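I have placed the structure first, in the form of structure tokens, so that the comments after it can refer back to it.
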Ligand SMILES: Cc1cc2nc3c(=O)[nH]c(=O)nc-3n(C[C@H](O)[C@H](O)[C@H](O)COP(=O)(O)O)c2cc1C
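Residue numbers (our numbering): 13 to 357.
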């Protein structure tokens, strides 16, 4: 059974906002069920989770997953209540305050009068608190596997639906950097396993990562990619919220959280990832290197098509000791994606 408590964070007053702290909170509030029976990540795990979700059941932690030593957490944002908890809120009405804060940031004119200036000052203070900081001894580097020891087959990748092409990563933060401006982009995009070290990424052409690849191709460069798996759900929500490309998702996540995200420099690529991530994959895409991706069951309840998609070749995996894998699956609403997007609205 994995240790749920994070090691004390000596540099900061409050405990880290990581996946384990959220699982602990859910467990304390009776909203986490541990499954000790062996469960297969191929179809079975998603089928059980789907049934539990449809009855408004708790988040699940599968502790005995066929073919992997890692436990799998799923359905974390399965109810509106849990979405609010992930944001450090208790009431839906508190979302309005957060919305107001974010709206003030987009205001195109300087504040007028005392009240507006006071509110704006509060927002600037929030912005200062939201700045990310750098962790020089990140927990996500406790174990490091380079190319020769890297095997994606060790991860408990799920295959949710019978006609799905291959096992997938569904809740990874896919991190890239604009080759010109160096502004990072963080998005949640499905990744399909293609071999023991490579996965295709299914990003729509309008997504930040796709834009970065087009720029890298024009410059004749490879694009570096990091995938962070097993982060606090707040970071997942920040990554899945469409924000202007010149704004960093890390800052945005800090605004959501009320404090900055702790980041770590990757081992082999020039990117930063949340320091408390359970697992980090580091790799590159060579422009033009594609493989067929799909089909997969989608959130409308149908299978999507097969599309040639960029191939990420991974050469490094780092992880916490005894990592916990975080995942989700697509399906007709209600499911956690719809809860998360309700909140983002
Ligand atoms: C669970 C989940 C899965 C998602 N999968 C994809 C996907 O496969 N491809 C995609 O383009 N967007 C996907 N999205 C939506 C993007 O993550 C979201 O639009 C995000 O804002 C994109 O960031 P970007 O605009 O900075 O690229 C997914 C969102 C969630 C919550």
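From the three backbone atoms N, C-alpha and C, an ideal C-beta is built for every residue, glycine too.
Just so it is clear, the structure is predicted and the values come from calculations on it, not from any experiment.
Bridge partner(s) assigned by DSSP for residue i
i           : result
residue 214 : 202
residue 46  : 73
residue 4   : The question about residue 4 has no answer, for the chain in this structure spans 13 to 357.
residue 95  : Partner(s): none; residue 95 has no beta bridge.
residue 284 : 277
residue 160 : Looking at the DSSP assignment, residue 160 forms no beta bridge with any residue, so it has no partner.
Whether residue i touches residue j by CB criterion (8 Å)
i           : j           : result
residue 308 : residue 181 : no
residue 315 : residue 166 : no
residue 71  : residue 58  : no
residue 295 : residue 237 : yes
residue 304 : residue 225 : no
residue 292 : residue 240 : yes
residue 269 : residue 147 : no
residue 283 : residue 187 : yes
residue 306 : residue 177 : yes
Nearest-angstrom Cα separation, counted from residue j out to residue i
i           : j           : result
residue 340 : residue 87  : 7 Å
residue 185 : residue 247 : 8 Å
residue 150 : residue 206 : 29 Å
residue 214 : residue 99  : 27 Å
residue 32  : residue 310 : 28 Å
residue 347 : residue 221 : For residue 347, the predicted model reports a pLDDT of 48, less than 50, meaning its position is unreliable; a value from the coordinates is still stated below. Rounded to the nearest angstrom, the two C-alpha atoms are 25 Å apart.
residue 287 : residue 243 : 9 Å
residue 144 : residue 128 : 27 Å
residue 28  : residue 272 : 11 Å
residue 280 : residue 155 : 14 Å
residue 317 : residue 126 : 55 Å
residue 111 : residue 101 : 13 Å
residue 216 : residue 223 : 10 Å
residue 103 : residue 191 : 41 Å
residue 193 : residue 140 : 22 Å
residue 173 : residue 54  : 8 Å
Exposure label - residue i; buried when at least 16 CB within 10 Å
i           : result
residue 115 : exposed
residue 338 : buried
residue 20  : Note on residue 20: pLDDT 38, under 50, position unreliable in the model; the coordinate value appears next. Exposed is the call here.
residue 312 : exposed
residue 30  : buried
residue 257 : exposed
residue 285 : buried
residue 90  : buried
residue 105 : exposed
residue 43  : buried
residue 219 : buried
residue 319 : exposed
residue 290 : buried
Any non-hydrogen atom of ligand 3 within 7 Å of residue i CB
i          : result
residue 76 : This structure simply doesn't include ligand 3; it includes ligand 1 instead.
Just checking, does the region 30–50 make contact with the region 132–143 on the three C-beta pairs under 8 Å criterion?
no
Segment contact, 8 Å Cβ cut-off, at least three pairs: the region 327–338 with the region 251–264
no
Across the region 94–112 and the region 34–44, are there enough close Cβ pairs to call them in contact, namely three or more that are closer than 8 Å?
yes
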